[in-house]
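Each number in this note's numbering comes from the position in the sequence shown (counting from 1) with 1212 added on. Built from N, CA and C at the ideal position, the CB exists for glycine as well. The structure displayed is predicted, hence computed values, not measured ones.
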Amino acid sequence: MLAGKLCVVFGFGDVGKGSAESLRAQGARVVVTEVDPICALQAAMQGYSVLTLEDVLEEADVFITTTGNKDIITLDHMRRMKHQAIVGNIGHFDNEIDIAALESSEAERINIKPQVDKWRFPDGKSIILLSEGRLLNLGNATGHPSFVMSSSFTNQTIAQIELFTKNDEYEKQVYVLPKHLDEKVARLHLDALGVKLTKLRPEQAAYIGVPVEGPYKSDHYRY
1213 MLAGKLCVVF GFGDVGKGSA ESLRAQGARV VVTEVDPICA LQAAMQGYSV LTLEDVLEEA
1273 DVFITTTGNK DIITLDHMRR MKHQAIVGNI GHFDNEIDIA ALESSEAERI NIKPQVDKWR
1333 FPDGKSIILL SEGRLLNLGN ATGHPSFVMS SSFTNQTIAQ IELFTKNDEY EKQVYVLPKH
1393 LDEKVARLHL DALGVKLTKL RPEQAAYIGV PVEGPYKSDH YRY
């Protein structure tokens, strides 16, 4: 049960935002750590406490790394955590948490069940490590929901069709999927959710300078 637990989310980028929101939705008390002042401000304005790891290291119940960086949680950090603190990663490879140092330390590994290990230190304290420090959404869960994968695969398919049918319009370089195709992918998924779109009247479209049928946002717009 996560309700009431103190959870630390390292990083407040796209992955960190989703992780923090999910934990809070289940009743957890969420603390965010950040190096970026803009992301830190975003977290604070959304009601999260923004602190350093040192501030909560010995009292937090759950630690989730989402940064994409290395050595976010070190062996020394793990030694100092409270007994049976849960440690997991959803942001990068297994070096966000220093697994190599943990494996070469004096700690004893005790498997609880697939993808869940208890690491017991000589002083008797233990931590619970998820998915060996690898992506826990793949190791401890079953990966991405089918609806999310449908959106991703539709994006890829439409991009391939665009390149195949209009290859003379594209040079050999990396492109962002054009906004009108991004919107097409979204439209294809709306019926499954029972969504009814409001339609712009011609005078409204002219007023904001967009076509009635879209695209409705500039390429640099961040949703």
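- Query: Would the beta-carbon of Gly1223 fall within 8 angstroms of that of Gly1303?
  - Reply: yes
- Meets three-Cβ-pair contact criterion under 8 angstroms: the stretch 1318 to 1338 and the stretch 1243 to 1252: no
- Item | Backbone CA spacing between Met1213 and Val1220 [nearest angstrom] | 15 angstroms
- Item | Neighbour-count burial assignment, Lys1430, 16 or more Cβ in a 10 Å radius | Residue identity differs from the one stated: residue 1430 is Ser in this sequence, not Lys. Ser1430 comes out exposed.
- Message: In this structure, how does DSSP classify Phe1359 when only helix, strand and coil are distinguished?
- Response: helix
- Item | Beta-carbon proximity check, Leu1263 vs Val1247, cutoff 8 angstroms | no
- Three or more C-beta pairs below 8 angstroms linking the stretch 1330 to 1347 and the stretch 1290 to 1298: yes
- Message: Using a Cβ-Cβ cutoff of less than 8 angstroms, which residues in the same chain neighbour Leu1400 once the five nearest sequence positions on both sides are dropped?
- Response: Thr1366
- Query: In terms of residue numbering, what span does the alpha helix (DSSP H) encompassing Asp1394 cover?
  - Reply: 1391 to 1402
- Message: Taking the beta strand (DSSP E) that Val1221 belongs to, which residues open and close that run?
- Response: 1218 to 1222
- Whole-angstrom distance between His1432 and Asp1226, CA atom to CA atom: 16 angstroms
- First through last residue of the beta strand (DSSP E) which encompasses Ala1297: 1297 to 1301
- Message: Using the three-state DSSP reduction, which class does Ser1261 fall into: helix, strand or coil?
- Response: strand
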